[in-house]
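Colleague:
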Amino acid sequence: MRTVTRRTFLSLLVAGLLFLTGIPSLQAAAPVERSGRVTILQLNDLYDIMPVEKGKKGGLARIATLRDRIAKESPDVVLVLAGDFLSPSTMSSVFQGSQMVATLNAAGLDLATFGNHEFDFGEQVTQQRMSESRFTWVSSNVLDPTTGLPFGNAVSFVLREVGGIRVAFIGLTTPETRVLSKGGRNLKFLNPIDAAKDVVARARRTKADVIVALTHQDMADDTKLAAAVPEIDVIVGGHEHDPLDARAGKTLILKTGSDAVSLGRIDVAVTVGQGGRRVESKWELIPVTDAIPEKPSVAALVKQYEGLMTAELKQVVGATSVPLDTRNETVRVKESPIGNLIADLMREALGADVALVNGGGIRGNAVTPAGPLTRGDVLKILPFANKVVKLEVTGDALRAALENGLSQHERTAGRFPQVSGLRYAFDPKRPAGSRLTSVTVGGKPLDPAVRYSVATFEFLMGGGDGYTTLQQAKVLVAPMYGPMDSDLILERLKSGPLAPAVDGRIQVAQ
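Using our numbering, the first residue of the sequence shown is number 156, and each one after it goes up by one.
(1) Quick check on the burial criterion: 16 or more other C-beta atoms within 10 angstroms. Buried or exposed for residue 308?
(2) Tell me whether residue 204 sits in a helix, a strand or coil according to DSSP, three-state version.
(3) Please classify residue 460: does DSSP put it in a helix, a strand, or coil?
(4) For residue 345 and residue 532, what's the separation of their Cα atoms in angstroms?
(5) Check each candidate in 418, 550, 628, 499 and name the one with the smallest Cα separation from residue 643.
(6) Kindly indicate which residue of 570, 600, 361 has the alpha-carbon position closest to the one of residue 577.
(7) Determine contact between the stretch 533 to 542 and the stretch 455 to 465, defined as no fewer than three beta-carbon pairs at a distance below 8 Å.
(8) Residue 517 lies in the beta strand (DSSP E); which residues open and close that run?
(9) Taking DSSP as the reference, what is the three-state secondary structure of residue 357?
(10) In angstroms with no decimal places, state the Cα-to-Cα distance between residue 550 and residue 661.
(11) Could you compute how far the alpha carbon of residue 501 sits from the alpha carbon of residue 605?
(12) Measure how close the beta-carbons of residue 201 and residue 454 come, nearest whole angstrom, since I'm counting them as under 8 Å.
(13) Taking the alpha-carbon positions, what's the residue 480 to residue 474 distance?
(14) Please classify residue 570: is it buried, with 16 or more other beta-carbons within 10 angstroms of its beta-carbon, or exposed?
(15) Starting from residue 343, follow its DSSP beta bridges and name the residues at the other end.
(16) Report the three-state DSSP secondary structure of residue 371 (helix, strand or coil).
(17) Taking a contact to mean a Cβ-Cβ separation below 8 Å, would you say residue 616 touches residue 512 in this structure?
(18) On the premise that residue 268 lies in contact with residue 294, defined as a C-beta separation below 8 Å, what is that separation, rounded to the nearest angstrom?
(19) Does the stretch 193 to 208 come close enough to the stretch 412 to 426 that 3 or more CB-CB pairs lie under 8 Å?
(20) Quick check on the DSSP output: the alpha helix (DSSP H) that includes residue 492 runs from which residue to which?
(21) Who are residue 400's beta bridge partners in DSSP?
(22) By the 10 Å Cβ neighbour count, where 16 or more other Cβ atoms means buried, how is residue 656 classified, buried or exposed?
(23) Tell me whether the stretch 244 to 257 and the stretch 218 to 225 touch, counting them as touching only if at least three CB pairs, one residue from each stretch, are closer than 8 Å.
(24) How would you label residue 262, buried or exposed, when you count the other beta carbons within 10 angstroms and need 16 or more for buried?
(25) What beta strand (DSSP E) runs, 3 residues minimum, are completely inside the stretch 249 to 317?
(26) Please tell me whether residue 639 and residue 542 are closer than 8 Å, where the distance is taken between their beta carbons.
(27) Following the continuous alpha helix (DSSP H) through residue 418, name the residue where it begins and the one where it ends.
(28) Find the nearest neighbour of residue 467 within the set 239, 249, 228, 552, judged by alpha-carbon distance.
(29) Just grab the DSSP bridge partners of residue 196 for me.
(30) Under DSSP, the alpha helix (DSSP H) around residue 227 begins and ends at which residues?
(31) Would you list the residues sitting across from residue 547 in a DSSP beta bridge?
(32) So what's residue 662 in DSSP terms, helix, strand or just coil?
(33) Taking the alpha carbon of residue 548 as the point to measure from, which residue in 631, 386, 621 has its own alpha carbon closest?
(34) Does DSSP put residue 728 in a helix, a strand or coil?
(35) State the start and end residues of the unbroken beta strand (DSSP E) segment that holds residue 536.
(36) In the DSSP assignment, what residue or residues form a beta bridge with residue 432?
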């Protein structure tokens, strides 16, 4: 027998190992590369189920058609909504957002996060709307303070396997909701960045390939979020009402505007392999116009709600103990009881020094008799769904705004200023631009250098009716945060009959 020495044994062992490494079937397996893609369809700040702009744009029945079309070419589709849809609108003031949930269910919404307006009717109503939803609510930073868990039936993140990849969706809402909505004050809002860091780490532990954040906060905050949590691949944003996009590092941020006038489409392709993770994203805004047919089943539901709305407008919501005069010759030329009421409610609601209402914003051109008031009566007086804003202006700018309001007095123009918190006198026979003879605010003469807070309509803030001086004003409460004009009267009616009167706050020289 041949003796095998230790050296010979080691030589044979090495040779055998070298031989085995040359056999392909015995090689160590390299990590298998895999890839996939997902298409995210995006909405944010959606206030109407019907088309807007006289039916030419938007509408959830058209969104449903687009979703179905895109799903045929790219079956791995997720439709998401980045907050603000339960309120505000005329229809939501009637149905408290239930029409939004029902129509979004029918349109195929998959996921939503909270916006500040989700709590406008109080937390119990929000929970009721959540229970009616067939879509999933995701929130990583809005908590029930008693349990420390996401509010209602929301989840902190959702992991979906679509297109061969695992996509984690998280939800973040601005903590300013506590002061922007009366229903959000009892909730606990975590710092969005801190919450995102925690939930992203948990999502990664579940082997998520892609992180998508549904957010409802300012673009500046979205940019900070992307810088602080670079693991987020896509931020589907809301809160702003104009289309916005940005790249912050490798993170895509997209906001589509409001009222579904555009549908955002984001295509995300992911490759995971030995070289790590590679994510590529591209996006587009798809115009939602009347060239897109409405999905019949969704259109039928919308029509049903429109019919119910008509019936609701006939419901009695309160009473007035005096006639309500909205005739043009009243609200557009002199102090009027209804103008005083509306301006007073606006000033009180926003805690402003003064309020400024254009007479043309008060409609109806009729005298509503004393007695019961229907919701339709209120909406005839304030039909424009004007949002009430709060601005800061100098005394000089306020005087200029009042002069503009008086500049077409002889034409019974709609710019005539109904006011609260100030008193003024004017001479309509003087040249336009110099008709004011006195102005006092809070009992003191208007100071051209003092800065005053002004509650007014969003329409005037944008320069409507010639109020261009207000376009330069500092915005203290933006339209997205302000109440709707008609809601102020509807809320006031809950405390008893209306009894508006004049008190001499506007004096016309004879």
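Each residue gets a CB set at the ideal place from its N, CA and C atoms; glycine is no exception.
Modeller: Quick look at the numbers:
(1) Residue mapping note: residue 308 aligns to position 153 of the sequence shown, counting from 1. Classification for residue 308: exposed.
(2) As a first step, residue 204 must be located in the sequence shown, where it is residue number 49. Residue state, collapsed to three classes: coil.
(3) One-based indexing of the sequence shown puts residue 460 at position 305. Helix.
(4) In the sequence shown, residue 345 corresponds to position 190, counting from 1. In the sequence shown, residue 532 corresponds to position 377, counting from 1. One alpha carbon belongs to residue 345, the other to residue 532, and they sit about 43 Å apart.
(5) As a position in the sequence shown, residue 643 is number 488, starting the count at 1. Selection 418, 550, 628, 499 evaluated against residue 643 yields 499 as nearest (Cα-Cα).
(6) Along the sequence shown, one-based indexing puts residue 577 at 422. The option with the nearest alpha carbon to residue 577 is 600.
(7) The stretch 533 to 542 is not in contact with the stretch 455 to 465.
(8) Translated into the one-based positions of the sequence shown, residue 517 becomes position 362. Run containing residue 517: none; DSSP gives neither H nor E here.
(9) Here residue 357 corresponds to residue number 202 of the sequence shown, with the count starting at 1. Three-state DSSP puts residue 357 in a helix.
(10) Locating residue 550 in the sequence shown gives position 395, counting from the first residue. Locating residue 661 in the sequence shown gives position 506, counting from the first residue. Those two C-alpha atoms are separated by around 18 Å.
(11) Translated into the one-based positions of the sequence shown, residue 501 becomes position 346. Translated into the one-based positions of the sequence shown, residue 605 becomes position 450. One Cα belongs to residue 501, the other to residue 605, and the distance between them is close to 21 Å.
(12) The residue you call residue 201 lines up with position 46 of the sequence shown. The residue you call residue 454 lines up with position 299 of the sequence shown. No, residue 201 and residue 454 are not in contact; Cβ-Cβ is about 17 Å, not under 8 Å.
(13) Residue 480 sits at position 325 when you count from the first residue of the sequence shown. Residue 474 sits at position 319 when you count from the first residue of the sequence shown. Looking at the two C-alpha atoms, the distance is approximately 14 Å.
(14) By 1-based counting over the sequence shown, the position of residue 570 is 415. Flag for residue 570 reads buried.
(15) Here residue 343 refers to the residue found at position 188 of the sequence shown. BP columns for residue 343 point to 298.
(16) As a first step, residue 371 must be located in the sequence shown, where it is residue number 216. Residue 371 falls in the strand class under three-state DSSP.
(17) Translated into positions along the sequence shown, residue 616 becomes position 461. Translated into positions along the sequence shown, residue 512 becomes position 357. Contact flag unset, no.
(18) If you number the sequence shown from 1, residue 294 lands on position 139. If you number the sequence shown from 1, residue 268 lands on position 113. The Cβ separation is near 6 Å, so the contact holds.
(19) Contact holds: three or more Cβ-Cβ distances are below 8 Å.
(20) Start at 1 with the first residue of the sequence shown, and residue 492 comes out as number 337. Looking at the DSSP string, the run of the alpha helix (DSSP H) that includes residue 492 is 492 to 505.
(21) Start at 1 with the first residue of the sequence shown, and residue 400 comes out as number 245. Under DSSP, residue 400 shares a beta bridge with 409.
(22) The residue you call residue 656 lines up with position 501 of the sequence shown. Sixteen is the threshold: since fewer than 16 other Cβ atoms of the shown chains lie within 10 Å of the Cβ of residue 656, the residue is exposed.
(23) Not touching, per the Cβ criterion.
(24) One-based indexing of the sequence shown puts residue 262 at position 107. Label assigned to residue 262: buried.
(25) Uninterrupted beta strand (DSSP E) stretches at least 3 residues long and entirely within the stretch 249 to 317 occur at 312 to 317, given in chain order.
(26) On the sequence shown, residue 639 is found 484 positions in, with the first residue counted as 1. On the sequence shown, residue 542 is found 387 positions in, with the first residue counted as 1. Taking 8 Å as the Cβ cut-off, residue 639 and residue 542 qualify as a contacting pair.
(27) By 1-based counting over the sequence shown, the position of residue 418 is 263. Looking at the DSSP string, residue 418 is not in any alpha helix (DSSP H); the run it does join, the beta strand (DSSP E), is 417 to 428.
(28) Stepping through the sequence shown from its first residue, residue 467 is reached at position 312. The candidate whose alpha carbon is nearest that of residue 467 is 249.
(29) Locating residue 196 in the sequence shown gives position 41, counting from the first residue. Looking at the DSSP output, residue 196 shares a beta bridge with 234, 420.
(30) Along the sequence shown, read from residue 1 onward, the residue named residue 227 stands at position 72. Annotation for residue 227: the continuous alpha helix (DSSP H) segment containing it runs 215 to 228.
(31) Translated into the one-based positions of the sequence shown, residue 547 becomes position 392. Paired residues: 608, 629.
(32) Residue mapping note: residue 662 aligns to position 507 of the sequence shown, counting from 1. Strand, per DSSP.
(33) Counting from one through the sequence shown, the residue named residue 548 turns up at place 393. Here the closest residue by C-alpha is 631.
(34) Outside the displayed range of the chain (156 to 665) lies residue 728, so it cannot be described from this structure.
(35) Translated into the one-based positions of the sequence shown, residue 536 becomes position 381. Taken as a continuous stretch (DSSP letters only), residue 536 belongs to no beta strand (DSSP E), being part of the alpha helix (DSSP H) at 530 to 536.
(36) Reading the sequence shown from its first residue, position 277 is the one you call residue 432. Per DSSP, 427.
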